[in-house]
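Engineer: Chains as they are written, first to last, in this note's numbering: chain H, 7 to 216; chain C, 7 to 216; chain Z, 7 to 216; chain S, 7 to 216.
For every residue, glycine included, the Cβ atom is placed at its ideal position computed from N, Cα and C.
In this text, all values refer to a predicted model and were calculated from it rather than measured experimentally.
4 protein chains.
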Amino acid sequence: MVRIRYERVSGRSVERLAALSDGVFAVAMTLLVLDLHVPVRDAIHSEADLCQALTPLAPRLLIYVMSFLMLGIIWVGQQTQMNHVANSDRHYTWIHLVFLLAVSLMPFSTSLMAEFIEYRLALLTYWLNVAALGLMLFIGWRYAIKTGLVRDEVDAETARGIGRRIVMAQSLYALGALLCVISTYWSIGFIVLVQLNYAIGPSWWGRSRA
Amino acid sequence: MVRIRYERVSGRSVERLAALSDGVFAVAMTLLVLDLHVPVRDAIHSEADLCQALTPLAPRLLIYVMSFLMLGIIWVGQQTQMNHVANSDRHYTWIHLVFLLAVSLMPFSTSLMAEFIEYRLALLTYWLNVAALGLMLFIGWRYAIKTGLVRDEVDAETARGIGRRIVMAQSLYALGALLCVISTYWSIGFIVLVQLNYAIGPSWWGRSRA
Amino acid sequence: MVRIRYERVSGRSVERLAALSDGVFAVAMTLLVLDLHVPVRDAIHSEADLCQALTPLAPRLLIYVMSFLMLGIIWVGQQTQMNHVANSDRHYTWIHLVFLLAVSLMPFSTSLMAEFIEYRLALLTYWLNVAALGLMLFIGWRYAIKTGLVRDEVDAETARGIGRRIVMAQSLYALGALLCVISTYWSIGFIVLVQLNYAIGPSWWGRSRA
Amino acid sequence: MVRIRYERVSGRSVERLAALSDGVFAVAMTLLVLDLHVPVRDAIHSEADLCQALTPLAPRLLIYVMSFLMLGIIWVGQQTQMNHVANSDRHYTWIHLVFLLAVSLMPFSTSLMAEFIEYRLALLTYWLNVAALGLMLFIGWRYAIKTGLVRDEVDAETARGIGRRIVMAQSLYALGALLCVISTYWSIGFIVLVQLNYAIGPSWWGRSRA
Chain H
7 MVRIRYERVS GRSVERLAAL SDGVFAVAMT LLVLDLHVPV RDAIHSEADL
57 CQALTPLAPR LLIYVMSFLM LGIIWVGQQT QMNHVANSDR HYTWIHLVFL
107 LAVSLMPFST SLMAEFIEYR LALLTYWLNV AALGLMLFIG WRYAIKTGLV
157 RDEVDAETAR GIGRRIVMAQ SLYALGALLC VISTYWSIGF IVLVQLNYAI
207 GPSWWGRSRA
Chain C
7 MVRIRYERVS GRSVERLAAL SDGVFAVAMT LLVLDLHVPV RDAIHSEADL
57 CQALTPLAPR LLIYVMSFLM LGIIWVGQQT QMNHVANSDR HYTWIHLVFL
107 LAVSLMPFST SLMAEFIEYR LALLTYWLNV AALGLMLFIG WRYAIKTGLV
157 RDEVDAETAR GIGRRIVMAQ SLYALGALLC VISTYWSIGF IVLVQLNYAI
207 GPSWWGRSRA
Chain Z
7 MVRIRYERVS GRSVERLAAL SDGVFAVAMT LLVLDLHVPV RDAIHSEADL
57 CQALTPLAPR LLIYVMSFLM LGIIWVGQQT QMNHVANSDR HYTWIHLVFL
107 LAVSLMPFST SLMAEFIEYR LALLTYWLNV AALGLMLFIG WRYAIKTGLV
157 RDEVDAETAR GIGRRIVMAQ SLYALGALLC VISTYWSIGF IVLVQLNYAI
207 GPSWWGRSRA
Chain S
7 MVRIRYERVS GRSVERLAAL SDGVFAVAMT LLVLDLHVPV RDAIHSEADL
57 CQALTPLAPR LLIYVMSFLM LGIIWVGQQT QMNHVANSDR HYTWIHLVFL
107 LAVSLMPFST SLMAEFIEYR LALLTYWLNV AALGLMLFIG WRYAIKTGLV
157 RDEVDAETAR GIGRRIVMAQ SLYALGALLC VISTYWSIGF IVLVQLNYAI
207 GPSWWGRSRA
């Protein structure tokens, strides 16, 4: 009985779940760059020195941009899902809390990959993190459909479309991760291409699927 | 007279108190992982080296996951309480500010326990922090009921149920902390089991209590 | 003309100003504790060692609690002010942005005082920061009254009361800062007492003023 | 078809985009100051020592204040733009995500300039960051107008005015950056003057343009 009352009230909590999510994403996105250290003053005596000291930061910056894009894609995905969801319950909240745990691990995975860019283990750790994000989003969506948390206007076609979208994206990331048997640079290049497709080209992609 | 006016206006502030809470939780949750340091580059020369350097991070990661779950449980508890509360006043706001102080201390307690996992003092510090969270939540709920801040639709049964839920959870955590007379690992294992029960099994738990 | 349109639209921005404020407060409050470092593992060999290593953290913790309370008091003050304000404009927004600049400096002032607890310069820096917070809140309130941004239901008595409240609190903090001619510990003790009065005893204080 | 549904739902997401933006700005603004390190205890033996140790922080503090003002100006700009926008879509969201990426890089650019205040490369990096912020804001505004995302009440005159405002400000920052051929201090001085004009004197500026 108490449980039923809990569920009734926590229906309003989609908003606070969204607020907590935005907070965690905002902190994680900004912390990514925190590992980009300014060169140590003592070794720099001219503009050329500074230029030389900043050059090794370029590949790191690339990794951070890639992670920012990844968090952006995932954020858009979570937001789209939540826009389709009318109510939340304890389980749905917990699925998203585990999702946020994976978000909060992204700065670590990113640092690891930025530091060990040519190591497969670093790339696989990063990919595992991204896969966990996709998995929790997918579980959340399936759960929302099964328990009737989604809005009434969401028809079966849209519901399947959103699920398929996650599976498709994650398959491409997995393929990218697999490319590390050739070289981790191939993996990163492929993943960045997939990301740009999602960030810049969604309408083209949407059309090609229709 | 001024005080009465203050109270009338601060009634709208439940939303800002919720917003501040979500912010503090979001930062605390993300900072937890900030102490997970990437291995130093110089000592790593192969995938095997990296694997070996990452292995000691595993128990630390476990502690962070445990703290994330704990903050998640506490956040769900605070949110449920606030959903039952129609208005706030100065005292209720201050009870929650002290609650947030305890939230902001969690990254420290967690780091301490992660660093000194087999030390009872570290575990007891962590437990004290968790107990402070539970205590402030409980005080907040009792205060809200006594001063009529709760919504009209909350009946005495629900009110008692929510209070009992906090007492029950905190008793289990205290029992877990007590297990450190055997070993801190027993304490951690027990607390994680209690957490999983709250995160994964609330419906089972709800049913068994009915 | 463009300016008039700007002002019309920025009227809705009180909410986003509040959201930004809650974010800055949440980050500042949580960062306070970030300077509380866990003892280094190597030097610790027993529970007694750990206890001894944690003891010097106690005064630091006190300073952090004090700063958290201070940010809490200031946050409640800003929130109360904003609840009385119906619209914002560019100038009001900028007054609060400078206010937030002072909020973001609090972790630095706090660290400085925690590190140099018996130095007058550290205490005065801290006090200057707190005084800047009070000053900007006061300027914001005066500006809101003069330009008619406050809600219609706010009468002259309430308006003056809120202003006086800031002046009163800041006078007490200034008095506390002045006590550093005797000792910085006197200052800190006095300020903590004033804070506890605001946090715990507002109804008593309100009554004694009526 | 799925794409059309996506767009319909993401119309509600302006609010979450605003929430994420406020979060990123709040973290970036507070992190700016995190690089302001408290002097090391061991070297300080008197008030005079502490004073001497704090003096070199003054120019750094100036840079942080300047960056805070810059983020404030940009935040006000983004907020004004979003207040004019009724709906969002995927592309608009992505333009603002790239904008937020530039925001999250500001603490790095600021640290770099604070550390290498007399180096042109540091100043140009900082300016590039600011220029990216302005560019993304401008692209976002143009896109919103072209695709009809702006509110109905926004007429062509206002639309052009907002765009021109960004171009004007960015031209002044570019001019400031150019002044580094003389000295980076000239650049900083000029940029601070432009900022103060925007922060303190918008009504004067608005009038002079009318």
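1) Determine whether the Cβ of Z/L35 lies closer than 8 Å to any Cβ atom of chain C.
2) Helix, strand or coil for Z/V173, going by three-state DSSP, please let me know.
3) Return the Cβ separation of Z/V91 and Z/R157 in integer angstroms, given the expectation that the two are a contact with Cβ distance under 8 Å.
4) Can you check which of these residues, H/Y204, H/V198 and H/S27, is closest to H/L106 by C-alpha distance?
5) So who's on the other strand from H/V156, going by DSSP bridges?
6) Counting only beta-carbon atoms, is Z/L63 nearer than 8 Å to chain S?
7) Among C/L141, C/L129, C/R148 and C/A137, which one has its Cα closest to the Cα of C/V187?
8) Using the rule of at least 16 other Cβ atoms within 10 Å of the residue's Cβ for burial, across every protein chain shown, is H/H102 buried or exposed?
9) If I measure Cβ to Cβ from C/A24 and keep anything under 7 Å in the same chain, skipping five residues before and after, which residues do I get?
10) With a Cβ-Cβ cutoff of 8 Å, do H/V33 and S/V33 count as a contact?
11) What whole-angstrom Cβ distance do S/L37 and S/S94 have, given they're in contact under 8 Å?
12) Around the C-beta of S/S189, are 16 or more other C-beta atoms found within 10 angstroms, so that it is buried, or is it exposed?
13) In chain S, what lies closer than 7 Å to Z/E121 by C-beta?
14) Since C/G78 meets chain H, which of its residues come closer than 9 Å, beta carbon to beta carbon?
15) Pair every Cβ in the segment 118-133 of chain H with every Cβ in the segment 60-75 of chain H, then say whether three or more of these pairs are closer than 8 Å.
16) Starting from the beta carbon of H/L38, find every residue of chain S whose beta carbon is closer than 8 Å, and list them in chain order.
17) Output the distance between the C-alpha atoms of Z/V160 and Z/R166, rounded to the nearest integer angstrom.
18) Restricting to Cα atoms, I'd like to know which of S/W147, S/L56 and S/V71 is closest to Z/E124.
19) Using only alpha-carbon positions, find the residue among H/L42, H/F74 and H/L75 that is nearest to H/L60.
20) Is there a Cβ of chain H sitting closer than 8 Å to that of C/C57, yes or no?
21) Starting from the beta carbon of H/A128, find every residue of chain C whose beta carbon is closer than 8 Å, and list them in chain order.
22) Note the first and the last residue of the continuous alpha helix (DSSP H) segment covering H/P113.
23) With 16 as the cutoff for other CB atoms within 10 Å, does H/V46 come out buried or exposed?
24) Determine the chain H residues that contact S/L118 at a beta-carbon separation under 7 Å, and present them in chain order.
25) Work out the CA separation of S/N135 and Z/Y149 for me, nearest whole Å.
26) Figure out for me which residue from H/Q176, H/I50, H/I151 and H/S193 has the closest Cα to the Cα of H/A183.
27) Which bits of chain A does H/G195 rub up against, with CB to CB less than 9 Å?
28) If I measure Cβ to Cβ from S/V30 and keep anything under 7 Å in the same chain, skipping five residues before and after, which residues do I get?
29) Between which two residues does the alpha helix (DSSP H) harbouring C/T36 extend?
30) Give the interface partners of S/W147 over in chain Z, defined as CB-CB distance under 9 Å, in chain order.
31) By the criterion of Cβ-Cβ separation under 7 Å, what are the contact partners of H/Y125 in chain C?
32) Below 7 Å CB to CB, which residues in the same chain sit around S/Y98 once its five sequence neighbours on both sides are set aside?
33) If you run the structure through DSSP and keep just helix, strand and coil, what is H/Y125?
34) H/V173 versus chain S: which residues are under 9 Å apart at the beta carbon?
35) Using C-beta distances below 7 Å, list every residue in its chain close to Z/W210, excluding the 5 sequence neighbours before and after it, in chain order.
Structural biologist: Short version:
1) On the third sequence, residue 35 of chain Z is found 29 positions in, with the first residue counted as 1. Note that residue 35 of chain Z is Met in the sequence shown, not Leu. Z/M35 counts as touching chain C.
2) In the third sequence, counting from the first residue as 1, residue 173 of chain Z sits at position 167. Helix.
3) Locating residue 91 of chain Z in the third sequence gives position 85, counting from the first residue. Locating residue 157 of chain Z in the third sequence gives position 151, counting from the first residue. That belief holds up - the Cβ atoms of Z/V91 and Z/R157 are roughly 7 Å apart, short of 8 Å.
4) Locating residue 106 of chain H in the first sequence gives position 100, where the first residue counts as 1. The candidate whose alpha carbon is nearest that of H/L106 is H/S27.
5) For the purposes of this step, residue 156 of chain H is taken as residue 150 along the first sequence, with counting starting at 1. Bridge partners of H/V156: H/V91.
6) One-based indexing of the third sequence puts residue 63 of chain Z at position 57. Taking Cβ atoms only, chain S never reaches closer than 8 Å to Z/L63, which makes this a no.
7) As a first step, residue 187 of chain C is located in the second sequence; it is residue number 181 there, counting from the start. Nearest C-alpha to C/V187: C/L129.
8) By one-based count along the first sequence, residue 102 of chain H stands at place 96. Flag for H/H102 reads buried.
9) Your numbering for residue 24 of chain C matches position 18 in the second sequence. If we look at C/A24 and ignore the five residues flanking it on each side, its Cβ neighbours are M88.
10) On the first sequence, residue 33 of chain H is found 27 positions in, with the first residue counted as 1. On the fourth sequence, residue 33 of chain S is found 27 positions in, with the first residue counted as 1. The answer is yes: Cβ separation under 8 Å.
11) To locate residue 37 of chain S, count along the fourth sequence from 1; it is residue 31. To locate residue 94 of chain S, count along the fourth sequence from 1; it is residue 88. Going by Cβ atoms, the distance from S/L37 to S/S94 rounds to 27 Å, so no, they are not a contact pair.
12) Here residue 189 of chain S refers to the residue found at position 183 when the fourth sequence is read from its first residue. When all chains shown are included, S/S189 counts as exposed.
13) In the third sequence, the residue the question calls residue 121 of chain Z occupies position 115. V44 and R47, listed in chain order.
14) As a position in the second sequence, residue 78 of chain C is number 72, starting the count at 1. In chain order: T99, W100, L103, V104, L106 and L107.
15) Touching, yes.
16) For the purposes of this step, residue 38 of chain H is taken as the residue at position 32 of the first sequence. Those are S110, listed as they occur along chain S.
17) Mapped onto the third sequence, residue 160 of chain Z falls at position 154. Mapped onto the third sequence, residue 166 of chain Z falls at position 160. Between Z/V160 and Z/R166, the C-alpha separation is close to 10 Å.
18) As a working note, residue 124 of chain Z is residue 118 in the third sequence. From the listed residues S/W147, S/L56 and S/V71, the smallest Cα separation to Z/E124 is found for S/L56.
19) Taking the first sequence and counting its residues from 1, one reaches residue 60 of chain H at position 54. Answer by Cα proximity: H/L42.
20) As a working note, residue 57 of chain C is residue 51 in the second sequence. Chain H, which has a Cβ nearer than 8 Å to the Cβ of C/C57, makes this yes.
21) Counted from its first residue, the first sequence places residue 128 of chain H at position 122. Result: L56.
22) Taking the first sequence and counting its residues from 1, one reaches residue 113 of chain H at position 107. Segment R96 to E121, the alpha helix (DSSP H) holding H/P113.
23) Here the question's residue 46 of chain H lines up with position 40 in the first sequence. When all chains shown are included, H/V46 counts as exposed.
24) As a first step, residue 118 of chain S must be located in the fourth sequence, where it is residue number 112. By Cβ distance, chain H contributes V44.
25) The count along the third sequence starts at 1 and reaches residue 149 of chain Z at position 143. The count along the fourth sequence starts at 1 and reaches residue 135 of chain S at position 129. The straight-line gap from Cα to Cα measures roughly 34 Å.
26) As a first step, residue 183 of chain H is located in the first sequence; it is residue number 177 there, counting from the start. Nearest of H/Q176, H/I50, H/I151 and H/S193 to H/A183, Cα basis: H/S193.
27) You won't find chain A in this structure, because its protein chains are H, C, Z and S.
28) By one-based count along the fourth sequence, residue 30 of chain S stands at place 24. Contacts found: L106, V109 and S110.
29) Taking the first residue of the second sequence as position 1, residue 36 of chain C is located at position 30. C/T36 -> alpha helix (DSSP H) spans V20 to L38.
30) As a first step, residue 147 of chain S is located in the fourth sequence; it is residue number 141 there, counting from the start. The contacting residues do not exist; S/W147 stays about 13 Å from chain Z at best.
31) Translated into the one-based positions of the first sequence, residue 125 of chain H becomes position 119. Within 7 Å Cβ-Cβ: E53 and L56.
32) Taking the first residue of the fourth sequence as position 1, residue 98 of chain S is located at position 92. If we look at S/Y98 and ignore the five residues flanking it on each side, its Cβ neighbours are G146, Y149, A150 and L155.
33) Locating residue 125 of chain H in the first sequence gives position 119, counting from the first residue. Reduced to three states, the DSSP call for H/Y125 is coil.
34) Start at 1 with the first residue of the first sequence, and residue 173 of chain H comes out as number 167. For a Cβ distance threshold of 9 Å, nothing in chain S lies close to H/V173: the least Cβ distance comes to about 14 Å.
35) The residue given as residue 210 of chain Z occupies position 204 in the third sequence. The predicted model places Z/W210 with a pLDDT of 44, which falls under 50 and marks its position as unreliable; any figure quoted below should be read in that light. Within the same chain, Z/W210 has no close Cβ partners at all.
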